[in-house]
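Participant: Quick note, the numbering used here runs 346 ahead of the 1-based positions in the sequence shown.
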Amino acid sequence: MLFLLLPLLAALFPGGDSGFEESISYRLMQTSSFHNHSWVHVGSGWLGELQTHRWNSSSNTIIYLYPWSRGNFSNKELMDVERLFQLYFNEHQDFYISQLMFKDPFDLQVTAGCELHSGKSCLGFKQVAIQGHDFMSFQNETFLPSPKGGEKAQKACKLLNFNEAYTQRLHRLLSDTCPRFTLGLLDAGKAHLQQQVKPEAWLSSGPSPGPGHKLLVCHVSGFYPKPVWVMWVRGEQEQQGIQRGDILPNGDGTWYLQATLDVAAGEAAGLACRVKHSSLGGQDLVLHWGAPQSALGLILLAVIVALALLTALGFWFIKRW
Numbered sequence: 347m348l349f350l351l352l353p354l355l356a357a358l359f360p361g362g363d364s365g366f367e368e369s370i371s372y373r374l375m376q377t378s379s380f381h382n383h384s385w386v387h388v389g390s391g392w393l394g395e396l397q398t399h400r401w402n403s404s405s406n407t408i409i410y411l412y413p414w415s416r417g418n419f420s421n422k423e424l425m426d427v428e429r430l431f432q433l434y435f436n437e438h439q440d441f442y443i444s445q446l447m448f449k450d451p452f453d454l455q456v457t458a459g460c461e462l463h464s465g466k467s468c469l470g471f472k473q474v475a476i477q478g479h480d481f482m483s484f485q486n487e488t489f490l491p492s493p494k495g496g497e498k499a500q501k502a503c504k505l506l507n508f509n510e511a512y513t514q515r516l517h518r519l520l521s522d523t524c525p526r527f528t529l530g531l532l533d534a535g536k537a538h539l540q541q542q543v544k545p546e547a548w549l550s551s552g553p554s555p556g557p558g559h560k561l562l563v564c565h566v567s568g569f570y571p572k573p574v575w576v577m578w579v580r581g582e583q584e585q586q587g588i589q590r591g592d593i594l595p596n597g598d599g600t601w602y603l604q605a606t607l608d609v610a611a612g613e614a615a616g617l618a619c620r621v622k623h624s625s626l627g628g629q630d631l632v633l634h635w636g637a638p639q640s641a642l643g644l645i646l647l648a649v650i651v652a653l654a655l656l657t658a659l660g661f662w663f664i665k666r667w
C-alpha cells in the first residue's frame with residue numbers, strides 16, 4: 347500500500363521555487379551514555395532539518411514539539427510506538443553490557459529512520475556507532491558489521507540476525523511505519539513547513555585579515571526554509587574567495603548564515619552582497635558596501651558589539667579579582 351501513498355509527497359512538496367526537494371527523511375537520533383553503572387539516554391526525532399520530537403528520559407515518554415507532531419496516527423498507534431521505545435531502551439541496555447561485554451564508561455550513538463523519494467521509493471536505514479566510530483548497520487532485514495567494529499560488531503550482528511522476529515519487526519518499522527508516519531507529518535504540518543519567512547541582511551567589517559586588507563561580512567538571518575544563496579558581487583560578477591559559514595539555526599526555527607570576503611582596502615568600494623531566497627519572489631536582496639545600513643542591521647550590530655565589550659569587561663574584572 348505504501349507505493350500508493352508516495353505520490354502524495356510530490357503533491358505536498360512540489361520542489362522548485364518553494365525550496366523543498368523531491369525527497370525528505372525522518373530520522374530518530376539516540377545518544378546513550380553508560381557511566382558509573384547507569385544509563386543516560388537522549389533521543390530526538392527530525393523531519394528533514396526540523397526537530398519535531400524529543401524523548402523524555404525521566405518519564406520514558408515522547409514529547410511532541412508542535413501541535414502537528416502527532417501526524418495522522420491515532421492515539422493508540424502513538425502509544426504502541428511509545429511502548430516500543432520503552433522496550434527498546436530496556437533491551438538494548440542488557441544487550442551491550444551483558445552480551446557484548448562493553449565496559450563502563452562508553453557512549454552509543456544510533457540513527458534510524460526512512461527517506462522518501464516522491465513517486466519512486468522509500469529507503470529505511472539504521473546505523474550504530476560506539477564512541478563515535480561505525481559499529482554496525484541494518485540493511486534489507488540484515489545487520490552488517492562495520493569493518494571498524496571488530497569482533498564485537500560481528501558478534502552483535504550474529505546475535506541480532508539470529509533473532510528473525512526482531513529483524514522482521516525492525517524492517518517493518520523502517521519500511522512501513524516510518525514512511526506512513528512521515529507522510530502524516532508532512533500532511534498535518536503542511537502550513538508550518540511551507541511557510542516562507544523573508545531574510546534580514548546587514549553588512550559589517552570582520553577582524554582585519556592583514557595590513558591593507560578588509561574582511562567584509564554579509565549577515566543573513568531569520569529566513570525559512572533553509573536553502574539560501576549568498577554571494578559577494580561587483581555588478582553582476584560573483585567574486586572569488588567568498589567564504590560561507592554553516593547555516594545555523596536561530597531559536598525561533600529560522601536560519602542564519604554569513605558570507606565573508608577578504609579584499610584590499612581600496613577595492614571594497616563597488617562591492618555588494620546579493621541574497622537569493624524562495625521567500626523573496628525573485629526580488630533579490632542587494633546590500634552595497636558603504637551604503638547606509640538598515641535600522642535592524644545597525645541594532646543587531648550594536649548588540650553584538652555591546653556583548654563583546656561586556657564579555658571583555660567581565661574577564662577583566664575576574665582577572666583583577
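Glycine included, every Cβ here is placed at the ideal spot set by N, Cα and C.
Source: prediction; values computed, not measured.
Let me know the secondary structure DSSP gives residue 416 once reduced to three states.
Facilitator: In the structure shown, residue 416 sits in coil (DSSP, three-state: anything other than H, G, I, E or B).
Participant: Specify, as a first and last residue, the run of the alpha helix (DSSP H) that residue 582 falls within.
Facilitator: Note, residue 582: premise wrong, no alpha helix (DSSP H); not H, not E.
Participant: Compute the distance between the beta-carbons of residue 498 and residue 483, then report whether it is under 8 Å.
Facilitator: Against a cut-off of 8 Å, the Cβ pair of residue 483 and residue 498 comes out as no contact.
Participant: Where do the N-terminal and C-terminal ends of the alpha helix (DSSP H) with residue 507 fall, by residue?
Facilitator: 496–508 is the extent of the alpha helix (DSSP H) around residue 507.
Participant: What's the C-alpha gap between residue 500 and residue 490?
Facilitator: Cα to Cα, the separation comes out at about 8 Å.
Participant: Between the stretch 417–434 and the stretch 527–539, do three or more beta carbon pairs fall short of 8 Å?
Facilitator: Yes, since at least three Cβ pairs between the stretch 417–434 and the stretch 527–539 fall closer than 8 Å, the two stretches touch.
Participant: Reducing DSSP to helix, strand and coil, say where residue 435 ends up.
Facilitator: Three-state result, residue 435: helix.
Participant: Return the chain-ordered list of same chain residues with a C-beta closer than 8 Å to the C-beta of residue 431, the five sequence neighbours on each side being excluded.
Facilitator: For residue 431, where only same-chain residues beyond five positions count, the Cβ hits under 8 Å are 389, 401, 406, 408.
Participant: Can you tell me whether DSSP reads residue 443 as helix, strand or coil?
Facilitator: In this structure, residue 443 counts as helix in the three-state DSSP scheme.
Participant: Spell out the partners DSSP gives residue 460 in its beta bridges.
Facilitator: In the DSSP output, where bridge partners are listed per residue, residue 460 has 372, 470.
Participant: Going by other Cβ atoms of all chains shown within 10 Å of its Cβ, with 16 needed for buried, is residue 537 buried or exposed?
Facilitator: Residue 537 is exposed by the Cβ-count criterion.
Participant: Does the beta-carbon of residue 394 have 16 or more other beta-carbons within 10 angstroms, so that it is buried, or is it exposed?
Facilitator: By the neighbour-count rule (16 or more Cβ atoms within 10 Å), residue 394 is buried.
Participant: Going by the beta-carbon positions, is the gap between residue 520 and residue 460 smaller than 8 Å?
Facilitator: In contact: residue 520 and residue 460 (Cβ atoms closer than 8 Å).
Participant: Nearest by alpha-carbon distance to residue 589: which of 606, 463, 566, 496 is it?
Facilitator: Closest option to residue 589, Cα to Cα, is 606.
Participant: Between the C-alpha atoms of residue 614 and residue 604, what's the straight-line distance to the nearest angstrom?
Facilitator: Spanning the two alpha carbons is a distance of roughly 17 Å.
Participant: Using a threshold of 8 Å, state whether the C-beta atoms of residue 600 and residue 569 are closer than that.
Facilitator: The answer is yes: Cβ separation under 8 Å.
Participant: Could you please give the first and the last residue of the uninterrupted alpha helix (DSSP H) stretch that includes residue 527?
Facilitator: Where residue 527 is concerned, the enclosing alpha helix (DSSP H) stretches over 524–534.
Participant: Are the beta-carbon atoms belonging to residue 631 and residue 502 less than 8 Å from one another?
Facilitator: Not a contact, by the Cβ cut-off of 8 Å.
Participant: Using the Cβ count rule (16 or more neighbours within 10 Å means buried), how would you classify residue 545?
Facilitator: The residue in question, residue 545, is buried, as its Cβ has 16 or more Cβ neighbours within 10 Å.
Participant: So what does DSSP say about residue 421, is it helix, strand or coil?
Facilitator: Three-state result, residue 421: helix.
Participant: In the DSSP output, what is residue 618 paired with across the bridge?
Facilitator: Answer by DSSP bridge pairing, in chain order: 579, 634.
Participant: Nearest by alpha-carbon distance to residue 573: which of 477, 543, 447, 556 is it?
Facilitator: Comparing Cα positions, the closest option is 543.
Participant: Tell me where the beta strand (DSSP E) around residue 448 begins and ends.
Facilitator: Residue 448 -> no beta strand (DSSP E), and no H or E assigned at all.
Participant: Is it true that the CB of residue 381 sits closer than 8 Å to the CB of residue 440?
Facilitator: Going by C-beta atoms, residue 440 is not nearer than 8 Å to residue 381.
Participant: So, for residue 452: in the same chain, excluding its five sequence neighbours on each side, which residues have a beta-carbon less than 7 Å away from its beta-carbon?
Facilitator: Excluding residues within five positions, the ones whose Cβ falls inside 7 Å are 380, 476, 477.
Participant: For the beta strand (DSSP E) containing residue 397, list its first residue and its last residue.
Facilitator: 396–402 is the extent of the beta strand (DSSP E) around residue 397.
Participant: In angstroms with no decimal places, state the Cα-to-Cα distance between residue 496 and residue 467.
Facilitator: C-alpha separation (whole angstroms): 33 Å.
Participant: Looking only at its own chain, which residues have a Cβ that is under 6 Å from the Cβ of residue 375, when we skip the five neighbours before and after it?
Facilitator: Once the five neighbours on either side are set aside, the close Cβ partners of residue 375 are 390, 457.
Participant: How many angstroms separate the CA atom of residue 396 from the CA atom of residue 558?
Facilitator: Those two C-alpha atoms are separated by around 43 Å.
Participant: Using the Cβ count rule (16 or more neighbours within 10 Å means buried), how would you classify residue 641?
Facilitator: Residue placement at residue 641 is flagged as unreliable, the pLDDT there being 49, under the threshold of 50; the coordinate-derived value follows with that caveat. Looking at its Cβ environment, which holds fewer than 16 other Cβ atoms inside 10 Å, residue 641 is exposed.
Participant: Could you compute how far the alpha carbon of residue 385 sits from the alpha carbon of residue 378?
Facilitator: Computed Cα separation, rounded: 7 Å.
Participant: Quick one: what's residue 606 bridged to in DSSP?
Facilitator: 563, 589.
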